[in-house]
Amino acid sequence: MVQEKPRVVQEYVPGKQVTLAHLIANPKKELCEKLGIVDAGAIGILTITPCEAAIIAADAATKTAAVQIGFMDRFTGSVVITGTVSAVEAALRQVIVLLADGLGFSAPKLTRS
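Just so we're aligned: 112 in numbering that gives the first Met the number 0 is position 113 of the sequence shown, and the numbers increase by one with no gaps anywhere.
Spelled out as structure tokens, the structure:
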């Protein structure tokens with residue numbers, strides 16, 4: 000007798016949300032090197048669903064302040080920006096406002112370490 004393997008069906012149903020908005024002020028050089036980032040006064044991290052909204056977030060961030068895109072993945076919704084602490088904070092806040100107020104996303108408070 001052949002025993003059937005249980006079949007698992009996974010379904011991805013994203014909501015409209017920013018799940019993480021975090022600023023790392025004055026990251027250690029080792030962290031920057033591991034991420035492939037050079038001379039960052041601050042690193043901003045966003046995780047967004049639906050993941051295509053990462054493109055909107057990266058665009059808004061770079062138009063808001065003097066930040067650079069350290070990483071963006073439109074397939075996972077991850078965005079990493081770099082710049083001075085004040086520029087990264089301004090960019091992250093604007094992205095949260097745009098997505099939450101403008102596009103109806105739920106968003107967390109900006110956290111910082």
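The beta-carbon is built from N, C-alpha and C at its ideal position, and this holds for glycine as well.
Among Val1, Ala86, Ile80 and Gln16, the one whose alpha carbon lies nearest that of Asp100
Residue numbering aside, residue 100 sits at position 101 when the sequence shown is read from its first letter. Closest by alpha carbon: Gln16.
Write down the C-beta distance between Gln67 and Gly82 rounded to the nearest angstrom, noting that I regard them as a contact closer than 8 Å.
In the sequence shown, the residue the question calls residue 67 occupies position 68. In the sequence shown, the residue the question calls residue 82 occupies position 83. Contact flag correct, Cβ pair sits at about 6 Å.
In DSSP terms, what Ala17 is bridged to:
Within the sequence shown, numbered from 1, the residue matching residue 17 stands at position 18. Contrary to the premise, residue 17 reads as Val rather than Ala in this sequence. Ile47.
Reduced DSSP category for Gly40 - H, G, I as helix; E, B as strand; rest coil
Stepping through the sequence shown from its first residue, residue 40 is reached at position 41. Three-state DSSP puts Gly40 in coil, outside helix and strand.
Considering just the uninterrupted stretch of the alpha helix (DSSP H) at Val87, what are its terminal residues?
In the sequence shown, the residue the question calls residue 87 occupies position 88. Where Val87 is concerned, the enclosing alpha helix (DSSP H) stretches over Val84 to Val96.
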